[in-house]
Amino acid sequence: MCKKMGRSSKDKRDIYYRLAKEEGWRARSAFKLLHAEETFGILKGVTRAVDLCAAPGGWSQVLSKYLYEPRSAEDRKQVKIIAVDLQGMAPIEGVTQLRADITKEETAKAIIEYIGGQKAQLLVSDGAPDTTGNHDLDEYMQGQLLLSALSIATYVLEENGSFVSKIFRAGNTGYIFKQMQRFFKDVCVFKPGASRNSSIEAFVVGRQFCLPSNYVPCNLITAWIDEDPQTWMVQKCGKVAKPKLRVPFVAYKDVLDADRSYELDENYRYNEVVQKPLTAAYQDVLQKTKNVSIRYKPIVIHHTEPLES
């Protein structure tokens with residue numbers, strides 16, 4: 023009884039976690055991309071897409087379901103979906119996996135090669151760093167991941183393409199959006215229904231990609247190590263013609279609340295996770311804990327001097 027209650031507790035606390043298992047998604051994050059599609063129509067007409075930091079494959083599943091599965095056998099040959107991650111993941115129909123580092127220029131070239139020399143119409147990234155609890159550090163690392171994704175986009179995204187990437191809203195958010203406006207005619211912040219209101223997580227959505235005429239794609243993080251980013255961007259791209267002082271914030275309207283706990287109905291059945299990570303980053307730690315006998319002993323503290331009253 024206790025084991026059953028323990029297994030179902032997360033199903034109560036996280037409605038999207040429960041729905042993901044019931045509907046066959048590998049991760050609850052699939053709903054975030056689904057909500058972005060419902061709001062912006064970013065998958066419409068797309069046949070070439072790139073999913074960065076793809077493992078365990080929730081977003082790649084969405085891309086496969088919308089771009090690959092509905093087509094005939096002949097039309098499927100035109101669909102190119104590339105999933106990029108350092109970690110491996112179980113195969114997904116219609117998706118090509120690329121084990122690579124998104125901070126490397128070679129990865130961008132490999133993506134273009136996999137697509138057949140063409141460029142992608144859509145690039146998405148749901149990657150996030152292992153959080154430390156230090157909010158300033160976590161926000162900075164997430165910003166670095168976003169810049170890596172943007173760097174890849176400048177290589178592989180075609181004219182008028184779309185871009186979706188996770189961001190942690192923080193003090194430097196406005197600065198990141200200003201740089202985004204150099205490459206996209208339309209930029210906004212999106213909060214999916216599956217993203218908890220209590221979380222600083224959001225997604226930056228860039229549409230109508232337009233590479234500045236004098237800009238040569240490069241790794242933005244590396245380029246900014248020894249130079250002021252603002253000065254560097256002006257030199258490479260020129261000034262933004264009409265920078266927006268305020269970036270629109272779009273929230274997905276859903277009857278479900280990601281922060282709320284929902285009771286399980288009488289017909290509830292526990293479902294296992296659709297696909298567990300093949301090579302999770304924490305796998306080595308788990309294996310070590312299995313081989314170590316952890317015993318809890320009482321701790322005795324000896325005071326050499328009497329405590330002051």
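Plus 22 on top of the position in the sequence shown (first one is 1) and you've got the working numbering.
In this text, a Cβ means the ideal position worked out from N, Cα and C, and glycines have one as well.
Legend entry - heavy atom of the ligand MN below 8 Å from Tyr-177 C-beta: This structure simply doesn't include the ligand MN, nor any ligand for that matter.
Legend entry - Alpha-carbon to alpha-carbon, Thr-153 and Val-146: In the sequence shown, counting from the first residue as 1, residue 146 sits at position 124. In the sequence shown, counting from the first residue as 1, residue 153 sits at position 131. In a straight line, the C-alpha of Val-146 is about 21 Å away from that of Thr-153.
Inset, instruction - Give, in chain order, every unbroken run of the alpha helix (DSSP H) that is at least 4 residues long and sits entirely within the region 48-101. - result: 52-62, 80-85
Legend entry - CA-to-CA distance, Phe-53 to Ser-82, given in whole angstroms: Locating residue 82 in the sequence shown gives position 60, counting from the first residue. Locating residue 53 in the sequence shown gives position 31, counting from the first residue. Rounded to the nearest angstrom, the two C-alpha atoms are 12 Å apart.
Inset, instruction - Kindly indicate which residue of Tyr-290, Gln-143, Leu-74 has the alpha-carbon position closest to the one of Gln-109. - result: Within the sequence shown, residue 109 is the residue found at index 87, counting from 1. The shortest Cα separation from Gln-109 among Tyr-290, Gln-143, Leu-74 belongs to Leu-74.
Legend entry - Own chain, CB closer than 6 Å to Ala-130, minus 5 neighbours either side, in chain order: By one-based count along the sequence shown, residue 130 stands at place 108. Here the set comprises Ile-174, Tyr-177, Val-178.
Inset, instruction - Let me know if Leu-242 comes out buried or exposed under the rule of 16 or more other beta-carbons within 10 Å of its beta-carbon. - result: Taking the first residue of the sequence shown as 1, we reach residue 242 at position 220. By the neighbour-count rule (16 or more Cβ atoms within 10 Å), Leu-242 is buried.
Inset, instruction - Flag this pair as yes or no: are the beta carbons of Trp-47 and Val-84 separated by less than 9 Å? - result: As a position in the sequence shown, residue 47 is number 25, starting the count at 1. As a position in the sequence shown, residue 84 is number 62, starting the count at 1. Taking 9 Å as the Cβ cut-off, Trp-47 and Val-84 qualify as a contacting pair.
Inset, instruction - Starting from Gln-230, trace the alpha helix (DSSP H) both ways and give me its first and last residue. - result: One-based indexing of the sequence shown puts residue 230 at position 208. Segment 223-231 is the beta strand (DSSP E) holding Gln-230; no alpha helix (DSSP H) there.
Inset, instruction - Return helix, strand or coil for Leu-108, following the three-state DSSP convention. - result: In the sequence shown, residue 108 corresponds to position 86, counting from 1. Coil.
Inset, instruction - Look up Lys-26 in the DSSP assignment and say whether it is helix, strand or coil. - result: Locating residue 26 in the sequence shown gives position 4, where the first residue counts as 1. In this prediction, Lys-26 has a pLDDT of 49, which is less than 50 and means its spatial position is unreliable; nothing more can be read from the coordinates.
Legend entry - Endpoints, the beta strand (DSSP E) within which Asp-208 is located: Within the sequence shown, residue 208 is the residue found at index 186, counting from 1. Asp-208 -> beta strand (DSSP E) spans 206-213.
Legend entry - Given Ala-42 as reference, the closest of Ala-105, Arg-50, Arg-35 once Cα atoms are compared: Taking the sequence shown and counting its residues from 1, one reaches residue 42 at position 20. Ala-42 has its Cα closest to that of Arg-50, out of Ala-105, Arg-50, Arg-35.
Inset, instruction - Could you check what DSSP says for Gln-166 in three-state terms: helix, strand or coil? - result: Numbered from 1 along the sequence shown, position 144 holds the residue referred to as residue 166. In the structure shown, Gln-166 sits in a helix (DSSP, three-state: H, G or I).
Legend entry - Reference Ala-142, options Gln-100, Ala-150, Ile-222, Leu-167, closest by Cα: Stepping through the sequence shown from its first residue, residue 142 is reached at position 120. Ranking the options by Cα distance to Ala-142, first place goes to Gln-100.
Legend entry - Sequence-distant residues of its chain with Cβ nearer than 6 Å to Ala-192 (five each side left out): Stepping through the sequence shown from its first residue, residue 192 is reached at position 170. For Ala-192, where only same-chain residues beyond five positions count, the Cβ hits under 6 Å are Glu-161.
Inset, instruction - Take every Cβ of the region 155-169, pair it with every Cβ of the region 203-212, and state whether three or more of those distances are shorter than 8 Å. - result: no
Inset, instruction - Output the distance between the C-alpha atoms of Ala-17 and Leu-55, rounded to the nearest integer angstrom. - result: Examination of residue 17 is not possible in this model, given that the chain is present from 23 through 331 alone.
Inset, instruction - Measure the C-alpha to C-alpha separation of Gly-63 and Ser-187 and round it to an integer number of angstroms. - result: Taking the first residue of the sequence shown as position 1, residue 63 is located at position 41. Taking the first residue of the sequence shown as position 1, residue 187 is located at position 165. Whole-angstrom Cα-Cα distance: 16 Å.
Legend entry - According to DSSP, residues forming a beta bridge with Lys-188: Residue mapping note: residue 188 aligns to position 166 of the sequence shown, counting from 1. According to DSSP, Lys-188 bridges with Phe-225.
Legend entry - Residues of its chain near Pro-239, where Cβ-Cβ distance is below 8 Å and the 5 sequence neighbours each way are ignored: One-based indexing of the sequence shown puts residue 239 at position 217. Result list for Pro-239: Ala-130, Ser-173, Thr-176, Tyr-177, Leu-233, in chain order.
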